[in-house]
Amino acid sequence: GLDCRPASPEESNNDRPPMHFVRNDIHENSLKEAIWSVVPMLNRSYVVMEVKESLLDSGRKELLERFGSDFKKVARVVVGEPPEAYRAEMQKLILQDKQAASEKAAAAAAAAAAVAAARKLPDKAAFEEARAKAQRAAEGKLVTQENEKKIEPTKLAVSLTEEEKALKFRRRKVHDLGERAFAETFTSFSLPKQEEEFHSIEYEWDPAERCQDYLEKWISTKKLTQRIEGLQPSEWFRERKNRWALKVAAWKKFQQDRRLSAKKAAFAKAKEGAAAGKEEAEKSEEDGNNNNNNANNGEQSKNDSISPSAAPQTKAADGVAASFEDLDPWLVTNIDDVSATGGGVGDTATAASAAKGDPLYAKFEHEDWTLLSLRYEVHLLLHAFRRDVNDPTRPTFHKSHLPFYYQRYYGKVLSPKSFNVWSLDKVLEWIEDTVEVTASGTLEADLEEDTPLECFVRLAEEHRRERQLRVDMGDDSAYLKFVKVISTALSSNVPRPTSSKDHQGSAR
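Counting in this note's numbering, the final residue of the sequence shown is number 523, and the numbers go up one at a time with none missing.
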């Protein structure tokens with residue numbers, strides 16, 4: 016035979032198996048072309064089993080051109096609902112496959128048990144002999160002193176489940192078409208037409224109309240579960256992605272500047288209080304007052320100056336102190352300064368005046384910024400996909416393809432492990448206010464494509480408060496701790512805002 020390396024699972028297919036032979040004339044299909052040049056000259060019948068080419072208009076045209084007018088060209092269409100005889104044969108083969116898999120698993124388990132028992136033998140030679148016998152037994156051979164002979168494996172009673180009984184076709188490990196070839200061409204599949212110079216078209220299973228309807232429905236279903244390998248982001252997407260990146264960078268910088276200003280003000284007030292306490296203590300000592308009282312007063316003055324609760328709090332109408340958490344995110348008119356909110360329901364207006372210029376995202380930490388970015392990025396991806404594909408029958412994609420399209424559009428990896436979870440479904444639960452998973456597993460954007468960017472901040476703040484409330488009630492599952500590297504992964508293309516200084520954000 017000819018030496019060749021085995022094909023990878025992605026390359027393997029029954030239509031055109033990859034040929035990795037050492038000989039170039041075989042590897043480059045030159046031998047196949049030589050055979051094709053001889054075929055039309057021989058007066059005999061041929062069955063052309065080209066799966067992909069037979070399903071494409073251009074492929075059928077090329078195949079027909081290889082045969083001259085001396086040949087009678089017949090197209091046999093095997094599409095639609097299979098007859099009972101075919102389904103019965105498929106059920107028989109499916110049962111045989113299941114029987115073989117069950118026997119193989121039983122033999123492997125028996126071999127593993129034999130090896131485990133052999134390990135207990137004190138003699139290494141005896142162990143090696145027992146292991147060799149176990150290996151041969153797993154391969155269906157009986158070891159004797161004279162020779163090795165094939166034995167029938169133990170028959171195990173297996174049966175088909177209701178789901179397997181409903182199958183019309185047999186599932187094989189190797190598909191008829193390669194994954195990439197199928198993804199690139201299945202939307203162009205068509206049935207043979209009389210104008211394609213066929214002498215006759217014979218429909219084996221269903222009439223022509225039903226076959227056409229079957230093919231159209233099949234293609235529509237596959238569009239929702241098959242990804243588009245060659246899809247590229249448009250300029251419309253890139254413009255909005257960059258606009259979002261600049262906006263988030265500005266929000267983060269403003270938050271960092273506010274936090275730094277608050278720290279400086281607290282430090283200055285503490286320093287001023289300490290100096291005043293020291294001066295008061297020295298004055299009291301000179302006046303001959305009680306040193307202990309002076310020291311206590313000075314210490315109390317210092318504590319008052321650095322305590323966060325020392326600042327007067329605005330009272331709500333019922334006499335309870337209003338806080339940042341009392342703000343309704345959807346009634347805040349300016350997310351960069353919640354104190355600008357003029358009215359509201361309940362304590363919203365009172366709490367706004369107590370915020371003293373803080374932004375709505377004042378309490379965002381790494382996890383909040385990460386989910387905020389993920390919300391918008393998936394939202395934008397879904398709308399960009401719909402525009403770029405421009406196919407009414409393919410408006411979205413399956414949730415399992417989200418990492419693929421996310422990588423294709425943003426050039427970044429979307430991995431559940433980065434969110435400290437093992438399922439993409441859990442990640443999607445955190446942004447269910449923006450993205451919906453349908454019953455068929457496809458994704459749909461809940462918001463319009465022109466939704467204001469501030470809307471995503473309001474959603475993120477609502478989600479943060481909900482999680483904080485659950486944490487306060489003792490629900491540890493609501494506490495999020497993402498891998499820090501995801502911050503870089505989700506914002507690797509964020510333009511850096513112009514600033515005279517760089518400040519580090521506070522950690523949780």
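Positions of the beta carbon are idealized from the N, C-alpha and C atoms, including for glycine. In this text, all values refer to a predicted model and were calculated from it rather than measured experimentally.
Following the DSSP letters along the chain, one finds serine 388 in no beta strand (DSSP E) but inside the alpha helix (DSSP H) bounded by residues 381 to 404. The stretch 417 to 430 makes contact with the stretch 386 to 401; the number of CB pairs closer than 8 Å reaches 3 or more. Taking the C-beta atoms as reference points, arginine 390 is found nearer than 8 Å to isoleucine 446.
By DSSP's assignment, histidine 413 forms a beta bridge with Thr457. For glutamate 451, the uninterrupted beta strand (DSSP E) run begins and ends at 450 to 452, by DSSP.
Judged by their CB atoms, lysine 183 and arginine 102 are nearer to each other than the 8 Å cut-off. Less than 8 Å separates the beta-carbon of arginine 242 from that of histidine 416. The residue among Val63, Ser52, Ala172, Pro55 with its C-alpha nearest the C-alpha of arginine 31 is Val63. Inclusion of tyrosine 61 and valine 53 in the CB contact set at 8 Å is not warranted, their separation being larger than that value.
Within 10 angstroms of the beta-carbon of tyrosine 420 lie 16 or more other beta-carbons, which makes it buried.
Residue environment analysis places leucine 57 among the exposed positions, since fewer than 16 neighbouring C-beta atoms fall within 10 angstroms of its C-beta.
With respect to the C-alpha of lysine 441, the residue from Trp251, Lys262, Gln483, Ala493 having the closest C-alpha is Ala493.
Alanine 285 has its alpha-carbon roughly 12 Å from the corresponding atom of lysine 293. One Cα belongs to valine 404, the other to valine 94, and the distance between them is close to 28 Å. Bridge partners of serine 215 according to DSSP: Val89.
One alpha carbon belongs to alanine 281, the other to leucine 429, and they sit about 40 Å apart. Distance between cysteine 226 and threonine 176, taken at the CA atoms: about 29 Å. For glutamate 447, the secondary structure class from DSSP, reduced to helix, strand or coil, is coil. For aspartate 272, the secondary structure class from DSSP, reduced to helix, strand or coil, is helix. The Cβ atoms of isoleucine 216 and proline 222 do not sit closer than 8 Å to each other. Comparing C-alpha distances from aspartate 491 to each of Arg482, Val498, Lys499, Phe497 shows the shortest one belongs to Arg482. With fewer than three CB-CB distances shorter than 8 Å, the stretch 245 to 264 does not count as touching the stretch 120 to 133. Annotated as distal: tryptophan 266 and proline 97, with beta-carbon spacing of 8 Å or more. Ranking Leu468, Lys238, Val498 by CA distance to the CA of leucine 261 puts Leu468 first. Annotation: phenylalanine 379 to valine 450 spans about 21 Å, alpha carbon to alpha carbon. Assigned with DSSP and collapsed to three states, lysine 427 falls in coil, not helix or strand. Under the three-state reduction of DSSP, lysine 67 is assigned to helix. Residue Lys238 holds the alpha-carbon nearest to the alpha-carbon of serine 455 among Lys238, Leu462, Phe269, Gly245. Under the criterion of beta carbons closer than 8 Å, glutamate 287 and leucine 375 do not qualify as touching, at roughly 31 Å.
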